[in-house]
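Asker: Chains as they are written, first to last, in our numbering: chain P, -4 to 406; chain E, 4 to 589. From the three backbone atoms N, C-alpha and C, an ideal C-beta is built for every residue, glycine too. Because the structure is a prediction, the values reported are computed rather than measured. Pasting in a structure now, in structure tokens, and then I'll have a few things to ask.
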Amino acid sequence: MKHSDPNKLVSVRAGQQGHFRTLRNSTPFQARIDALMRTDEWYTWAGCKAPSSIWDEELEYFAIRSQAALFDISPMIKYHIEGKEAEAFLNRVTLRNVAKLKPGRVHYTAWCNDEGHVLDDGTLFRLSRERFRLCCQERHLPWLLDSAIGFDVTVTEETEAIAGLALQGPTSFAVLRDAGFEGVDQLKVFDLAGFPHEGGSVTISRTGFTGDLGYELFVDRKLALSLWDRLWRAGEPRGLRAIGYAALNRARLEAGLIVANADFVTAEHAIRADRVRMPDEIGLGFMVDLEKPHFNGRRAIQLARTRGTMRHILVGLEIEGNIPAEHAIVYHRGKREVGLVSAAIWSPMAKRNIALASLERPYGDTITGDLWVEIYAMRELRYQKLMKRAKVVPRPFIKLERRTVSPPADF
Amino acid sequence: MRSAGSGDCARMNHLGLATFPWLVSRARQNCVTRAVRALEQGGTDKHMKKWDAIVIGAGHNGLVNACYLQRAGLDVLVLEKNEWIGGAATSRSLTPGFLYSNCSYVCSLFRPEIMRDLELPRFGLQVISYEGGAVFTQDGDYLANYRDHDAHRREFARFSPRDAEAYDRYARDVTRQCRFIQPLLMRTAADPTSFRPRDISELMYLGKKFAGLGATEMADTLRFWTMSISDFLDEYFETDVIKANFALSGIIGTALGPMSPGTAYVLLHHYMGEVDGSVGAWGYARGGMGAVTKALAASFEASGGTIRTGAEVDHVLIRNGRAEGAVLAGGEEIYGKLVISNADVKRTFLKLVEAKELPDIFLRRVKNFKMRGSSGKVNIALDSMPEFPALPKDSPVYRGDMHFTDSVERMERGYDDWKAGRWSADPFLDMVIPTTLDPTMAPPGKHFMSCFVQYCPPKVEGREWTDADRDAFGETVISQIADYSPGFRDRIVHMEVRTPRELEAEVGLTEGNIFQGELTFDQLLFNRPVPGYAQYRSPVGGLYMCGSSTHPGGGVMGAPGRNAAAEILRDLSRGTKHMSPAHDVI
């Protein structure tokens, strides 16, 4: 099966030549974000120009936790998977049991190569019995297409065709209801449904990356701006603000969620042989369903479990003091190096200094006492070196009742 | 050209005549002649200059070697047959206002450790990274390579969304292999048959690095070193032009086609270089590739070394199985305690050393060493920037490398012509316009274009090249460019066409092979150039090799010259503290 198209009109191909003039693509919501942009702080997300912050990184965080925040997730990589055997195909590719994922539901999953090393994590949306959307951080088209051989299924990359928004925060439900999405109150956590919009449809799911009450909305690129405007009109009286990634990153860390290629290295990008991770090594072991039929990596994961060769573990840490321990080295008894902090913040919701860390077992697994982190805090051109006690704690670091309560409240 | 002065003057000095004016002032010709003869034959006269080391050939490896030896306190003489230096890394002005990179034309492999050790930046070396490139397709489009990762992916996606997303995996695998090989470049290859502690520890180092790879990577390493580039690329990509885009690095300078086993390694060889830590990047040496050897020569002379140009070595002077100097084409004898040949292994042992001095098996292996001419070079002075209607006017591709071969099959057909003893009717070109980034090589608004051309046989259907053949070969190249660039011919001010005949006659490369021997697995590491002689020494005492025929091979890398110097200094029990070890690969 060939996926390049030699017959694709040269004129079509030639018409796409000019992309080199714009190295960072605009998202479908660029016009709205540009209009709100005050800090002019951008980063690159999957080749798109994405805001780090829009007006104030700290205050943007509080918009998530007190009112509602709108975050553009359009650059997220998206694949449309459709066909009679779509379920069987996804069951073969991913770790969780897709047969248990009912139409109108979403689940968080991951997928591995044959050696059981995680290629990526992401969310799988079951739009109907035979239609799925897979959202993730990295690109996997060759992997998905090669895995699809023998299945009655089509895989289409739809990242640019579909615009996405995350609407998160205590008033997010009220915003949606006021915007006229009738029946949105029926959505329980991880439910999804289609709602009419401007002659088309918007898929709304009760999902998010903040640990808060929130929703994600997916819509055809051409309906993107009208969707934004519809939310914005309804949201203004309820304190809706647009936010950048820095604020979202704080919220996700409080929720204890990991980010591919920030908290672990994906198998297709790891240059060094020892950097790859199995699901159990990054806290995703719960996804592995050994009851279901064969899936990629199954044998390797099973073997590693039997032999006890899972060498790493990803844990939540609570660290004394209030100085974030980002990228600090973790020690046992203050001497033996046992791991690294991949993300850390002072949590405003938990009022604690929290972190995600990868440790070498048995540390963090059977040995959890006497762990320390060495923090190098640069203060006016001098490193203040701090050795702080760290405690392994369960994730998420915060649990908000409003996230799951159904029907959701107004705030 | 060189400050060391004319050959005659240096010869006078060497014979000590200038310091004994009474000898000259008596001016009895026969007396002088007798004196000279006595000096040349006896070689024991106390006034006789005997160099600590004589390096044959002022190519980049010869000069790197000479620099390191001179800096170790040796008194070193470099002999160069041409009136200019540089070997295949040279910049010459053949038409007013223009400077050509006559042979090699881009820089990536040259080791930064050497640049730093020998203070080359102080002596004028500057390498400028360039911006990708493109393959023109026959349907009027092109496939570009951009430095920006996302632009690169979007460009591939114009042809195949699948291949666009396959690039990361390809890049990861190639990077892994490069990281494995890179540290080996600056180390002498271990002799697997030796029980010397150094060889054993070197083998253990290799074994340990190999064991550090994952199971899949180990398999990949062996596959990489033996597969064809075409088969290798088939595992990642499905689009012809995308495969062609990568395949070219697997055949450059090699007398193999993209479907020949072994060419995957050649690709690695072109990827393991760097420009300032950016691994795999290529750049232009400011002032052409001659800037590399010019800086080396300046560094060498600043540390007290001597270069004689116009001094072609006829043969190595060997007495009692030991190299004692070199005899120039004119008959002049120059004495040295050591002789180091920058010439390729065939030229060194089949031309510069008499067969009777060499063991049979060694000689046979040298004769069988694969070193076949496969490429040519066309250098063009242009009075204006050529236009390529397929390319947008503001495309960065003009500043990178451009190609016209849009399928692996076309490359293979080009190779078929070579096998039949003809140059490719539809050749593969690696074309760059360095003056887009380097203002020193042409007047403002005018340009120097360098075209590397493959395939080009060492002999035309079994007979020697003629000037008419050479011109026809040049015409094949120009007509290919003109197909994609209307009005190209009208811009040409001057042209230098070089076939293997010119490369051998001028640079001294046997058959014009740019790597001084194929980079196939049977001719790498402890098998390069000959098993048992992979550590820069030869069967003749005091005679060493330092050219690209030795480990780690060709390209303007300098590593063979450096590694040879380390072995020589070891033999002399001299320190090598002035030689940086390979940079860490972490």
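For residue 582 (chain E), count the other beta carbons within 10 Å of its own beta carbon; 16 or more makes it buried, fewer makes it exposed. Which is it?
Answerer: Flag for residue 582 (chain E) reads buried.
Asker: Do you know offhand how far residue 266 (chain E)'s Cα is from residue 589 (chain E)'s?
Answerer: Distance between the alpha carbons of residue 266 (chain E) and residue 589 (chain E) is about 27 Å.
Asker: Quick check on residue 304 (chain P): does DSSP put it in helix, strand or coil?
Answerer: Looking at residue 304 (chain P) - three-state DSSP - the assignment turns out to be coil, as it is neither helix nor strand.
Asker: Using a 10 Å radius around the Cβ and a threshold of 16 neighbouring Cβ atoms, would you call residue 374 (chain E) buried or exposed?
Answerer: Label assigned to residue 374 (chain E): buried.
Asker: Beta-carbon of residue 125 (chain P) versus every beta-carbon of chain E: anything under 8 Å?
Answerer: Answer no: the Cβ-Cβ gap between residue 125 (chain P) and chain E never drops below 8 Å.
Asker: Assuming residue 30 (chain P) and residue 233 (chain P) are in contact, meaning their beta carbons sit under 8 Å apart, how far apart are those beta carbons, in whole angstroms?
Answerer: Not a contact, Cβ separation roughly 20 Å.
Asker: In chain order, which continuous runs of the alpha helix (DSSP H) of length 4 or greater are located wholly inside the stretch 282 to 360 of chain P?
Answerer: Listed in chain order, they are 293 to 302.
Asker: Nearest to residue 24 (chain P) by alpha carbon, out of P:180, P:126, P:109, P:239?
Answerer: Nearest of P:180, P:126, P:109, P:239 to residue 24 (chain P), Cα basis: P:239.
Asker: Classify residue 27 (chain E) as buried or exposed, calling it buried when 16 or more other Cβ atoms lie within 10 Å of its own Cβ.
Answerer: Bear in mind that the predicted position of residue 27 (chain E) carries a pLDDT of just 36, short of 50, making it unreliable; the figure below should be weighed with that in mind. Counting Cβ neighbours within 10 Å, residue 27 (chain E) comes out exposed, since fewer than 16 surround it.
Asker: I'd like to check one pair, residue 70 (chain P) with residue 22 (chain P): are the Cβ atoms closer than 8 Å?
Answerer: A contact, by the Cβ cut-off of 8 Å.
Asker: With distances taken Cα to Cα, identify the nearest neighbour of residue 592 (chain E) among E:341, E:90, E:344, E:320.
Answerer: Since the first residue shown for chain E is 4 and the last is 589, residue 592 (chain E) is missing from the structure and cannot be characterised.
Asker: Which runs of the beta strand (DSSP E), 3 residues or longer, sit entirely within the stretch 418 to 473 of chain E?
Answerer: You should have 431 to 435, 450 to 457.
Asker: Measuring straight from C-alpha to C-alpha, what distance separates residue 270 (chain E) and residue 261 (chain E)?
Answerer: Rounded to the nearest angstrom, the two C-alpha atoms are 10 Å apart.
Asker: Is the Cβ of residue 5 (chain P) closer than 8 Å to any Cβ of chain E?
Answerer: It does; some Cβ of chain E falls within 8 Å.
Asker: For the stretch 195 to 210 of chain P against the stretch 158 to 173 of chain P, are there 3 or more C-beta pairs whose distance is under 8 Å?
Answerer: Output reads yes: the stretch 158 to 173 of chain P touches the stretch 195 to 210 of chain P.
Asker: Determine, for residue 247 (chain P), whether the minimum Cβ-Cβ distance to residues of chain E falls below 8 Å.
Answerer: Closer than 8 Å: no.
Asker: Which residues of the stretch 271 to 300 of chain E have a Cβ closer than 7 Å to any Cβ of chain P? Give them in chain order.
Answerer: The residues in question: there are none.
Asker: Which complete beta strand (DSSP E) runs does the stretch 491 to 539 of chain E hold, if anything under 3 residues is left out?
Answerer: Qualifying beta strand (DSSP E) stretches, in chain order: 495 to 501.
Asker: For a quick check, are the C-beta atoms of residue 353 (chain E) and residue 369 (chain E) less than 8 Å apart?
Answerer: The answer is yes: Cβ separation under 8 Å.
Asker: Within a Cβ cutoff of 7 Å, which residues of the same chain sit near residue 408 (chain P), ignoring the five residues on either side of it in sequence?
Answerer: Given that chain P is displayed from residue -4 to residue 406, the structure contains no residue 408 (chain P) and the question cannot be resolved.
Asker: What did DSSP end up calling residue 253 (chain E) once you bin it into helix, strand or coil?
Answerer: DSSP places residue 253 (chain E) in helix when its eight states are reduced to three.
Asker: In whole angstroms, give me the CA-to-CA distance for residue 227 (chain P) and residue 235 (chain P).
Answerer: Distance between the alpha carbons of residue 227 (chain P) and residue 235 (chain P): 7 Å.
Asker: Please classify residue 155 (chain E): does DSSP put it in a helix, a strand, or coil?
Answerer: DSSP places residue 155 (chain E) in helix when its eight states are reduced to three.
Asker: Rounding to the nearest angstrom, what Cα-Cα distance links residue 328 (chain P) and residue 171 (chain E) in this structure?
Answerer: Computed Cα separation, rounded: 40 Å.
Asker: Decide if the stretch 88 to 96 of chain P is in contact with the stretch 254 to 263 of chain P; the criterion is three or more beta carbon pairs, one per stretch, under 8 Å apart.
Answerer: Verdict: no, contact absent.
Asker: Would you say residue 227 (chain E) lies against chain P (beta-carbon separation less than 8 Å)?
Answerer: For residue 227 (chain E), the answer is no, since every Cβ of chain P falls outside 8 Å of its Cβ.
Asker: Residues of chain P with CB closer than 9 Å to the CB of residue 439 (chain E), please, in chain order.
Answerer: The contacting residues do not exist; residue 439 (chain E) stays about 16 Å from chain P at best.
Asker: Short check: CB of residue 188 (chain E) to CB of residue 508 (chain E), under 8 Å?
Answerer: Cβ atoms of residue 188 (chain E) and residue 508 (chain E): not closer than 8 Å.
Asker: Thinking C-beta only, is residue 15 (chain P) closer than 8 Å to residue 389 (chain E)?
Answerer: Cβ atoms of residue 389 (chain E) and residue 15 (chain P): not closer than 8 Å.
Asker: Have a look at residue 343 (chain P) and residue 55 (chain P) and give me their C-alpha separation to the nearest angstrom.
Answerer: Cα to Cα, residue 343 (chain P) sits roughly 13 Å from residue 55 (chain P).
Asker: Are the Cβ atoms of residue 262 (chain P) and residue 220 (chain E) separated by less than 8 Å?
Answerer: Cβ distance not < 8 Å, so residue 262 (chain P) and residue 220 (chain E) don't count as in contact.
Asker: Just list the beta strand (DSSP E) runs in the stretch 320 to 397 of chain E, keeping only unbroken ones of 3 residues or longer that don't cross its boundaries, in chain order.
Answerer: Correct list: 325 to 331, 336 to 339, 342 to 344, 378 to 385.
Asker: Measure the alpha-carbon distance for residue 324 (chain E) versus residue 543 (chain E) and round it to whole angstroms.
Answerer: If I take the Cα positions, the gap works out to 6 Å.
Asker: Given a threshold of 16 other Cβ atoms within 10 Å of its Cβ, counted over all protein chains shown, does residue 165 (chain E) qualify as buried or as exposed?
Answerer: Buried: at least 16 other Cβ atoms inside 10 Å.
Asker: For residue 310 (chain E), which residues does DSSP report across the bridge?
Answerer: Residue 310 (chain E) pairs with E:81.
Asker: Ordered along the chain, which non-local residues of its own chain (more than five positions away) have a Cβ less than 6 Å from that of residue 434 (chain E)?
Answerer: The answer, listed in chain order, is 405, 454.
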